[in-house]
Amino acid sequence: MAHAVQVERQVEWCHIPTMVYDTSPPRLLRIILALHLQQYYELYGGGGACWRHIPLLGTAVTVPERPINDLGVSRYCFECVSICSNWQVLSTNLEVSAVSDGEASRAGLRPVRDWRAFGLQGCPGFIFIANPFLRGSQPHWLRRCLKTYTQKPNVCNLDMHMSPNETDDIWGKSADTLRRVPCGKKEPKTLLEKLRWVTLGYHYNWNTKTYSPEHHTPFPADLQRLSGLVAAAAGFPGFNAEAGILNYYRFDSSLGIHVDESELDLSRPLLSFCFGQSAIFLLGGPRREDPPTAMYMHSGDVMVMSGQSRLLYHAVPRILQDPPPPCSLGTSLSRGQGSPERGVSGEGGVDGEDWAVCSRYIQSSRVNMTVRQVLGPGQSFPGVPKGSAPDAEGGGEGGGQKRRRSSSGGTESSDT
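Counted from 1, the sequence shown has number 309 at position 309 by full-length UniProt numbering; the numbering is strictly sequential.
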């Protein structure tokens with residue numbers, strides 16, 4: 001579930017300072033944002049109570065106040081308050097009849113009537129869906145992100161620095177090491193641990209910030225089905241998933257402030273799926289200088305950005321280490337009780353050997369899939385006749401020189 005906060009002063013778009021603390025990034029959003037506000041105080045002066053009493057879905061949230069430091073910055077302390085925000089949080093009605101229970105189950109989703117969906121007043125088109133996945137389905141999708149979607153002809157950041165032979169089986173060349181090396185042991189990073197992004201379908205060009213029909217490979221059918229169901233439930237029947245960017249985050253990774261505007265049809269939503277460790281997501285306004293609202297994204301959470309929210313600035317400044325078990329993926333596995341008991345229908349569960357790799361990977365990583373429709377009905381790329389089919393064998397150039405920021409979400413890291 002998302003958590004957000006309201007502050008008296010604007011929270012600036014900048015990377016949250018790593019430490020005043022001598023541990024890894026703090027786990028709780030309230031501490032991280034207090035550090036952010038502390039930096040604001042040091043730069044611009046001021047102080048006072050920065051965390052406020054906020055209405056929650058019509059119910060008042062009463063929380064005690066206590067100071068965070070000796071600079072006069074104080075905060076309210078709350079652990080598990082559902083959702084709080086700069087904007088009022090609203091319960092969002094989904095299109096329950098748009099997706100049958102059978103369709104949902106086959107994609108690893110709970111019935112739509114059981115989903116918990118929220119929006120923000122003043123932010124039309126933004127929908128936050130709190131983990132709609134069936135138990136055991138997240139491991140399936142995580143394995144797809146690590147084992148299947150990393151395969152050629154899909155494009156990844158490693159292609160910029162390595163030969164095709166070196167990147168043709170990222171999972172296979174990493175799995176044995178991840179299975180056998182104990183956590184904490186210093187070893188050279190595997191290819192999976194060096195992975196930062198993968199592009200699917202129409203391959204996003206990080207240099208030109210465009211898509212083209214020449215750089216296209218078939219979009220994964222299972223992810224297309226999953227995206228179509230989520231979009232239909234959000235009120236967008238007929239959504240056609242044509243491009244995907246998978247971001248692979250380590251604890252030192254982040255995603256700079258950007259807006260996704262490269263798709264030719266911006267009337268279709270942007271879908272975001274989160275697996276693994278949690279993250280802080282900042283949702284801003286239509287202008288870069290608009291103050292953002294912060295919220296958690298936990299494993300399994302889904303966001304839909306459509307309508308006016310489709311072109312809002314957003315960022316991921318921090319990946320958070322969850323307390324054990326590392327996330328909601330297969331909690332029985334984290335206790336050594338076998339593999340996830342349920343997979344996506346027709347696919348089976350994740351076997352023990354594969355889960356050993358996935359489980360080790362997510363102890364220090366987060367994977368985010370963003371899915372987009374590039375072209376509207378009857379639309380074509382400039383200079384391309386309508387109805388022309390894309391070249392499915394085009395190798396795709398998602399690369400070029402290494403970037404630290406992009407308009408469609410390349411992750412930043414200190415050790416790419």
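Ideal placement from N, C-alpha and C gives every residue a C-beta, glycine not left out.
Per the coordinates, the alpha-carbon of S254 lies some 15 Å from the alpha-carbon of G276. Pairwise C-beta distances place the segment 273-290 out of contact with the segment 103-113, as fewer than three of them are shorter than 8 Å.
Annotation: P124 to A234 spans about 12 Å, alpha carbon to alpha carbon.
In the structure shown, the three-state DSSP call for R250 is strand. In the DSSP annotation of this structure, the continuous segment of the alpha helix (DSSP H) that includes I362 starts and ends at 352-362.
With a cut-off of 8 Å on Cβ pairs, the segment 215-222 is not in contact with the segment 254-264, counting fewer than three such pairs. By the criterion of a C-beta distance shorter than 7 Å, A243 is surrounded in its chain by L200, G201, Y202, Y204, Y211, R372, V374, once the five residues flanking it on both sides are discounted. In the DSSP secondary-structure assignment, L282 is bridged to A294, A315.
Counted as a single uninterrupted DSSP element, the beta strand (DSSP E) harbouring S365 occupies residues 365-372. Secondary structure of S272 (DSSP, three-state): strand.
For G307, the closest C-alpha among the options G122, V112, D101, A117 is that of G122. Per DSSP, F239 has no beta-bridge partner at all. In the assembly as shown, R196 is a buried residue. Its beta-carbon has 16 or more other beta-carbons within 10 Å.
Taking all protein chains shown into account, Q138 has 16 or more neighbouring C-beta atoms within 10 Å of its C-beta and is therefore buried. Taking the Cα of P382 as reference, the smallest distance to any Cα among G300, E214, T190 is reached at E214. Of S364, A175, N131, T92, the smallest CA-CA separation from F251 is found for S364. Counting along the chain, T199 sits inside no alpha helix (DSSP H); it lies in the beta strand (DSSP E) bounded by residues 197-201.
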